[in-house]
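A short worksheet on the structure shown next.
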Amino acid sequence: ANTRKHPLGIPPPSEKGWPDEEEENFFLLDPDRKRDVLPQPFRMMDKLVMQVFESAMEIIERREMLQEAQKRKGQPKKCFPTAEFQVTERANCLAVSGKYVFVGLSVGLAAFNMSDFKDVCAWDAAKTEICAIHASDLGNECHVLLAVDEMGLAWLFCFHKESFLLVKSLNEVKDISHRSTCVEVVLSLGGDYAGILLQGNTKAWLEIYQLPKDSWLTEMEKKARAAEELACSERRSNCSSEVGTFLLQELPVSAIQADVKLDAPVLLLTVRPPKPITGTRFKGPLDALKEVDDGSMLGLGYNHLIKDSQWELQEAIFCSTYQEFLEAEGVIKEEVPRYATFHFLLPSRILMGPETDVQPDIPVGIGVHWDGNHNFCLYLLNRSVKEKVDSDLKPDVVWPCAAPIACSAVSSCSRYLALAGEDATITIWDKHLGYPLSVTAILEERFIRSIHFL
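All residue numbers for the sequence shown refer to full-length UniProt numbering, where the first residue is 1 and numbers rise by one.
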């Protein structure tokens, strides 16, 4: 048996291996202080290495974020051409109407069929370069084309049964010194109207034509029917001759091209730039009130009672007040506008012609604004004969703007009109109701060059 001689007790502690006071709080020490005890070169090298490592990690994180954002962003779909149209000359412009693609070439026009991607026909009788082209479908395989060549001539074509028929050159004159240059052409949807902007030596004006598309379609059908009847009768009489049959198969198209004479378009309106406001021509207030509109719209400011002497006095006061600025920058004289933007407008409450029965898909008016002008002018297309011959055509409705209009756009439904001013403000008008819906101001020192509805 094991017996204890002495009672069990706790041995006294030993001082060997006890931690110092500094080592007891080792978890509170900064680990970077261990590097501080190193010599100066080693500390500098360690600092540079850590900076390089941190910079590398920042670059890696930035690139990873860019890669993740690129993955989340939708990749653009790559489109490849399904077919090619081979042209013999340089292509300047093109227009699509129905199943045909019309291309303006360096010499003439060419038409391509989109079903088989083949050349249908070409026109190069005038040996001129086509720079712009517009096309519209008239129905019954008939299309109207309005083209502008390098000399500024506007050519009106009718395309039927895969052949070009020249209707008229709208601004061609015998004396070349009096020729005007076509700057812009617009075809209405459906081909009922055509507008061309012309410029002369010192003036510009807008001409609106009505296209007799109903008579064109009737004439085309009549000639096509007559050619088919003639071909059938000749086939029956010469069915034994293969050569004769081959020649007669080509007869209908040639007969149509040779015999068809289409009616010329009718000039409806001639719109000229607004004249500068001058002194009154009235002798008293009663004469001015007789010429004032009925109050349903704002006019252009011509009917006023301000005399020429008052205009001259106002100009003299302005020049004397701001003489130093005028001498530094030079006096800018008011120039006659030489460019206009115009749109064909469908029926609305403020644009209803004299006829009560108006088709909703046929334009009843045009909207015009000239460069540097504050007013958007609307003209009705259905006018009396007396108004048509008036050289100084007045607008039926005027929408004023605070700043000169820089550009404009009309929605596809023709109800909304967007006007962008030179002060970088965009105004949306409701054409049916006749008042603005919203006014949006863009950032300062910005000039709006074009505007479109999506």
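Glycine is no exception: its CB is placed at the ideal position from the N, C-alpha and C atoms.
| query | With burial defined as no fewer than 16 other Cβ atoms inside 10 Å of the residue's Cβ, what is the status of GLN249: buried or exposed? | reply | Because the pLDDT at GLN249 is just 45, under 50, the model does not fix this residue reliably, and the value given afterwards should be weighed accordingly. Burial call: exposed.
| task | On a CA-only basis, which of ILE350, SER438 and TRP370 is nearest PRO274? Give me that one, please. | result | TRP370
| query | Looking only at DSSP bridge pairs, what is ASP396 linked to? | reply | DSSP output for ASP396 lists no bridge partner at all.
| Residues sharing a beta bridge with LEU165, DSSP | Note: LEU165 is bridge-paired with CYS158 in the DSSP secondary-structure output.
| said: Could you pull the DSSP bridge partners for LEU269 from this structure? | reply: LEU269 has ILE208 as its beta-bridge partners, per DSSP.
| request: Taking LYS213 and GLY191 to be in contact with their CB atoms under 8 angstroms, please state how far apart those CB atoms are, rounded to whole angstroms. | output: 5 angstroms
| query | Between which two residues does the beta strand (DSSP E) carrying SER438 extend? | reply | First-last of the beta strand (DSSP E) with SER438: 435–441.
| Three CB pairs or more closer than 8 angstroms across the region 116–133 and the region 197–211 | Counting Cβ pairs under 8 angstroms, fewer than three are found: no touch.
| said: Tell me whether the region 98–108 and the region 51–69 touch, counting them as touching only if at least three CB pairs, one residue from each stretch, are closer than 8 angstroms. | reply: Look at the beta carbons and you see the region 98–108 not touching the region 51–69: under three pairs across the two are nearer than 8 angstroms.
| field | Span of the beta strand (DSSP E) around LEU345 | value | 340–345
| query | If you follow the beta strand (DSSP E) that ALA406 is part of, which residue opens it and which one closes it? | reply | 405–410
| Which residues bound the beta strand (DSSP E) around ALA95? | Membership of ALA95 in the beta strand (DSSP E) is indicated by the continuous run 91–97.
| query | Roughly how many whole angstroms lie between the Cα atoms of ASP390 and LYS77? | reply | With a pLDDT of 49 at ASP390, under the threshold of 50, the modelled position of this residue cannot be trusted, and the question is left open.
| task | Measure the C-alpha to C-alpha separation of PHE102 and GLU172 and round it to an integer number of angstroms. | result | 23 angstroms
| query | Taking all protein chains shown into account, do 16 or more other C-beta atoms lie within 10 angstroms of the C-beta of GLU242, making it buried, or fewer, making it exposed? | reply | For GLU242, the predicted structure reports a pLDDT of 49, less than 50, and the residue's modelled location is therefore unreliable. A value from the coordinates is still provided. When all chains shown are included, GLU242 counts as exposed.
| field | Residues near ALA441 in its chain [Cβ-Cβ closer than 6 angstroms; skip 5 each side] | value | THR425
| Name the DSSP beta bridge partners of THR427, please? | LEU419 and VAL439
| query | Near ILE211, which residues of its chain fall below 7 angstroms by C-beta distance, leaving aside the five closest residues on each side in sequence? | reply | One point to set straight first is that residue 211 is Leu, not Ile, in the sequence displayed. Hits under 7 angstroms: VAL144, GLY191, ASP192, TYR193, ALA194 and PRO265.
| Does the separation of the CB atoms of TYR209 and LEU262 fall below 8 angstroms? | At least 8 angstroms separates the beta-carbon of TYR209 from that of LEU262.
| said: Tell me which residues share the same chain as ASN140 and place their Cβ nearer than 8 angstroms to its Cβ, disregarding the 5 neighbours each side in the sequence. | reply: Hits under 8 angstroms: LEU217, MET220 and GLU221.
| field | Secondary structure of ASP308, DSSP reduced to three states | value | In this structure, ASP308 counts as helix in the three-state DSSP scheme.
| said: Considering only DSSP beta bridges, list what CYS377 is partnered with. | reply: VAL368 and VAL398
| request: Please determine, among LEU94, LEU165, ARG338 and ALA226, the residue with the shortest C-alpha to C-alpha distance to GLU129. | output: LEU94
| said: For CYS413, report the span of its alpha helix (DSSP H) as first-last. | reply: Premise fails: CYS413 is in no alpha helix (DSSP H) and is neither H nor E.
| N-terminal and C-terminal residue of the alpha helix (DSSP H) that CYS79 is part of | Element bounds for CYS79: n/a, residue is neither H nor E.
| Checking contacts by CB at 8 angstroms: is ASN92 closer than that to chain D? | In the displayed structure, chain D is absent; only one protein chain is listed.
| field | Residue span of the beta strand (DSSP E) that contains SER136, given as start and end | value | It spans 130–139 - the beta strand (DSSP E) in which SER136 sits, taken as one unbroken run.
| task | Compute the beta-carbon to beta-carbon distance between LEU156 and LEU138, rounded to the nearest angstrom, for a pair I have assumed lies under 8 angstroms. | result | Not really, about 13 angstroms apart at Cβ, beyond 8 angstroms.
| field | Beta-carbon separation (whole angstroms), PHE342 vs GLY367, contact threshold 8 angstroms | value | 7 angstroms
| task | Could you give the DSSP three-state label for ASP214: helix, strand or coil? | result | In the structure shown, ASP214 sits in a helix (DSSP, three-state: H, G or I).
| task | Label VAL167 either buried or exposed according to how many other C-beta atoms from any shown protein chain fall within 10 Å of its C-beta, with 16 as the threshold for buried. | result | buried
| task | Can you check DSSP and say which residues form a bridge with PHE102? | result | ALA95 and ALA111
| field | Beta-carbon separation (whole angstroms), SER215 vs PHE344, contact threshold 8 angstroms | value | With 8 angstroms as the limit, SER215 and PHE344 do not qualify as a contact, their Cβ atoms being about 21 angstroms apart.
| message | I'd like to confirm the pairing. Which residues does DSSP put opposite HIS143 in its beta bridges? | response | ASP137 and PHE159
| By Cβ distance, which residues of its chain are closer than 8 angstroms to VAL148, with the 5 residues on each side in sequence left out? | Once the five neighbours on either side are set aside, the close Cβ partners of VAL148 are ILE130, CYS131, ALA132, ILE133, ALA154, TRP155, CYS182 and VAL185.
| field | Spatial distance of ALA255 from ALA224 (CA atoms) | value | The pLDDT assigned to ALA255 is 46, lower than 50, so where the model puts this residue is not dependable, and the model offers no usable value.
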